[in-house]
Structure formats: structure tokens, C-alpha cells
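Asks:
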Amino acid sequence: MSQRVQGVIARSKGAPVEVVEIVVPDPGPGEVVVRVQACGVCHTDLTYRDGGINDEYPFLLGHEASGVVETVGEGVTHVEVGDFVILNWRAVCGQCRACRRGRPQYCFDTFNAEQKMTLTDGTELTPALGIGAFAEKTLVHQGQCTKVDPEADPAVAGLLGCGVMAGMGAAMNTGGVTRGDSVAVIGCGGVGDAAIAGARLAGASPIIAIDRDAKKLQWARELGATHTIDATEFDVVEAVQDLTGGFGADVVIDAVGRPETWEQAFYARDLAGTVVLVGVPTPEMRLEMPLVDFFSRGGALKSSWYGDCLPERDFPMLIDLYRQGRLPLDKFVSERIGLGDVEQAFATMHAGEVLRSVVML
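Residues in the sequence shown are numbered from 33 upward in steps of one, following the numbering used here.
#1: Could you check the C-alpha separation between S328 and G83 for me, to the nearest Å?
#2: Output the boundary residues of the beta strand (DSSP E) element that contains D103.
#3: Please look up how many angstroms separate the CB atoms of I240 and V272, rounded, as I've assumed it's under 8 Å.
#4: Taking the straight line between their C-alpha atoms, what separation do you get for L192 and F347?
#5: Between the C-alpha atoms of C19 and L323, what's the straight-line distance to the nearest angstrom?
#6: Note down, in chain order, each residue of its chain lying with its Cβ closer than 7 Å to the Cβ of S44, except the 5 sequence neighbours on either side.
#7: With a CB to CB cut of under 6 Å and the five nearest residues on each side skipped, what residues in its chain are close to G107?
#8: Excluding the 5 residues flanking Y138 on each side, which residues of the same chain have their C-beta closer than 8 Å to its C-beta?
#9: Taking V365 as the reference, which of G357, R290, V391, A203 has the closest Cα?
#10: At which residues does the alpha helix (DSSP H) containing D347 begin and terminate?
#11: Between K169 and the rest of its own chain, which residues show a CB-CB distance below 7 Å, the 5 nearest in sequence each way excluded?
#12: So, helix, strand or coil for C71, using DSSP?
#13: Could you have a look at F378 and say whether DSSP puts it in helix, strand or coil?
#14: Counting Cβ pairs closer than 8 Å, one from the stretch 293–310 and one from the stretch 194–214, do we hit at least three?
#15: Only counting runs of 3 or more residues, tell me where the beta strand (DSSP E) segments fall wholly within the stretch 127–209, in order along the chain.
#16: In the DSSP assignment, find the unbroken beta strand (DSSP E) run with L333 in it and report its ends.
#17: So the beta strand (DSSP E) R358 belongs to, where does it begin and stop?
#18: To test your reading of the DSSP string, which unbroken beta strand (DSSP E) runs of 3 or more residues are found completely within the stretch 217–276?
#19: Going by DSSP, name the residue or residues bridged to I118.
#20: Report yes if the CB atom of T276 is closer than 9 Å to the CB atom of R244, and no otherwise.
#21: Grouping DSSP H, G and I as helix and E and B as strand, with all else coil, what is T306?
#22: Using the DSSP secondary-structure output, state which residues sit across from I85 in a beta bridge.
#23: Could you check how far apart the C-beta atoms of A216 and A281 are, in whole angstroms? I think they sit under 8 Å.
#24: Return helix, strand or coil for D286, following the three-state DSSP convention.
#25: So if DSSP puts V391 in a beta bridge, which residue, or which two residues, is it bridged to?
#26: Please check the pair A287 and G256, which I expect to be a contact at CB under 8 Å, by giving their CB distance rounded to whole angstroms.
#27: Between which two residues does the alpha helix (DSSP H) containing E292 stretch?
#28: Measuring CB to CB, does S98 end up less than 9 Å from G164?
#29: Would you call the CB atoms of L303 and G278 closer than 9 Å?
Okay, here's the thing in C-alpha cells:
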């Protein structure tokens, strides 16, 4: 029997979000209903609200979440009722050309629930990233649930569902950072600071944080940066070179996603170094650079989708490291809020006052 619960929707482009009653159907084959315990407020949710993803309104927002499996549909074997899970938007299919080539982290046909959650009048909702977790309960495909240690703080665990994993994976998976590598990260919000934490976990040194905001640079130090550069005071490329023996960093991660920051990342890396783009550009952005520089400097230019993660591999490992005190994931939780506070949390996030606001349910 379907259930009625409270959820946060974006009804039209740019309009303030609303807390409304939504209908969650019983899970069908391969589907599960998860009782959401915590969901981070991610910039992607704001982008959905403002029409930057598509125009399939109304959206059920929220995707960076953890919770407990409440009911399961026919044929579900991946999780059981009562499992504590992190929700993910990479439920690999195992059949697409990427999966068949042994690269499931690039899966091109990930699973979502087949059924739709709705408003009480029957209007179908589009769940953010196929999840929709600013709600007391949500319907997802079983592959979108990754079981982790139930002793983990739900507010902390849920952040691996998107931003923190994106940043850590940009360093550890996409960038291939290893012990002794020099790493520079441009942009020290949630994703950038997660990249710094990932670089620290991998044993990188130095780890150079770059931003225009003193508060964000302080957060970066707390999460593992060995050096900071205030981009309002110093030339970024020259400053990174000065801190790396005049050469540039082995890996430079652009967590902003603007032409000027990507160009800084390109020239701030060492010869044969790696640039990783994890910040998301907008469609109108363009870049003009000498082609010969791409040839003469060698190395690798990469984009990182979801930190090139495999949830079943990465989430449990990172939660275990957090539980062991080796990964300070709790530092990413700036405040705990309610469902009715999401619109204000968007403003707080946009102003750069938090790493993550987390909705607790």
C-alpha cells in the first residue's frame, strides 16, 4: 500500500521550494523504499530548482542521503529490510559497453526506480539524480543502496552519496594520487575540501589549497592542506610553482569549473602532470588556449564524474576509515537542519558560509 510522507519539491524554475505531502508507492520488482535519516544540501539540488539540469518539474529534491531499508520489492537480493544504506546515483547495469569492458565506474546506463513518486493529485515527480531524498521516505532501485556500518552517523555517511565522494574520488580515483605526489586544489568548498582530504589519505605532500575566501582556506587546512594560496593576493600558477620547487604540482584539481580556473590548473601542473576537472561548468563557457601547449606539456587532462567511484567498493571502505578515526568526514557537517529549512540552506550555501547543511529526518 502506498504511503504519504513529507517531501521538498521545486515546482517551477527559481521558485522557492515547498514542503508538501508526496505519495511513495509500494516497491515493485527490484525496488526498495528507504526511510531517510539524513540528506545533505548539495549545489546540484539548487541547480535543479533553478532549471540548470532540465525542465522536468516538479522535482523532488535531495540525493546525498543515508537511511534504513524499510520495504523491498520482488526479486530484491542486494539489500534486506533493516539495512543501513547510503544512496547513490551510480547503480551499475553490468551490461553497457563500459561495464562489459571492465569499467563499471563509467556505467552509461545506471538504474533508477521504474515507478514514480507523485503529488497527492497524481502529478509525477522527477527525483533529483534518480533519488529524491529530501523526504521522509523515498523509492529507489536496489542498486542505488550501498550497505555500510550502521554505527556511522547518518549525517556523515550520507555525504558520501555525492559531494564528498566526488571530491575524494577526483583525487584518489581519477587523479590517481599516490604517496609523495604534490597536489593542488583550486576551490575549497565541499568538493574541493573532499579532494584535499582524499589527497591526504593517499599520502600526498605538499597539498596546496587555493581559494579567494579566508574561511574556506582555513577549512582546507583542517582537512589536510599543508599550504594555502589566497587567489586575491597571489598569481596562482606562480605560487604553486614556488611551493613545488619551480616545477608545478603532479596533480591539479579544478573544483570550481570555470575557464579561468581550468587554465590555472593546466599551467600550475608539472610537465606530464595531471589536471582533473570536477567542478561543473555551465554550457556557455568557452576556453581558448594555444594547442601547442597541450602537446608540449604532455600528461593527462581528465574529467571526474562522481569521483569515478564504485559505491560498493568505495563507500564501505571510506566509512570504515571514518570509524577508525583516519578520515575526518564529520568536519564536513556544518549544520543540521529540518525539511523546512532547505530554502534558507540554499542561500547559506550560495554565500559560502557552510561546507554542508544536512537535513535530519
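No residue lacks a Cβ here, since even glycine has one placed at the ideal position from N, Cα and C.
Replies: Inspection of the coordinates gives the following:
#1: Straight-line Cα distance between these residues: approximately 40 Å.
#2: First, the amino acid is wrong: residue 103 is Thr here, not Asp. Looking at the DSSP string, the run of the beta strand (DSSP E) that includes T103 is 96–104.
#3: Confirmed, about 6 Å.
#4: Answer to the nearest angstrom: the Cα atoms are 7 Å apart.
#5: Lying before the first or after the last residue shown, residue 19 is absent from the chain, which here runs from 33 to 393.
#6: Exclusion of the five residues before and after S44 leaves Y89 as the residues of its chain whose Cβ lies within less than 7 Å of its Cβ.
#7: In its chain, beyond the 5 residues on either side, P61, G62 have a beta carbon closer than 6 Å to the beta carbon of G107.
#8: The residues are A130, W337, D340.
#9: Comparing alpha carbon positions, the residue from G357, R290, V391, A203 closest to V365 is V391.
#10: One detail in the question is off: residue 347 reads as Phe in this sequence, not Asp. Taken as a continuous stretch (DSSP letters only), the alpha helix (DSSP H) holding F347 covers 343–355.
#11: Counting only Cβ-Cβ distances below 7 Å, and skipping sequence neighbours, we find Q35, V37, V56, V65, V66, R67, V68, E102.
#12: Shown here, C71 sits in a strand according to DSSP, grouped into three states.
#13: Look at F378 here: in three-state DSSP terms it is helix.
#14: Segments in contact, yes.
#15: Secondary structure in the stretch 127–209: the beta strand (DSSP E) runs of 3 residues or longer, each lying completely within the stretch, are 169–173, 177–179 in chain order.
#16: Segment 332–335, the beta strand (DSSP E) holding L333.
#17: Run containing R358: none; DSSP gives neither H nor E here.
#18: Correct list: 239–243, 259–262.
#19: I118 is bridged to S98, T178.
#20: Against a cut-off of 9 Å, the Cβ pair of R244 and T276 comes out as no contact.
#21: The answer is strand: DSSP assigns T306 an E or B state.
#22: DSSP output for I85 lists no bridge partner at all.
#23: Taking 8 Å as the upper bound for CB-CB distance, A216 and A281 are in contact here, some 4 Å apart.
#24: Note: D286 maps to strand in three-state DSSP.
#25: Its beta-bridge partners are C71, I369.
#26: Rounded, the Cβ-Cβ distance is 14 Å, inconsistent with contact.
#27: Looking at the DSSP string, the run of the alpha helix (DSSP H) that includes E292 is 291–300.
#28: Going by beta carbons, S98 and G164 fall outside the 9 Å limit.
#29: In this structure, the beta-carbon distance from L303 to G278 does not fall below 9 Å.
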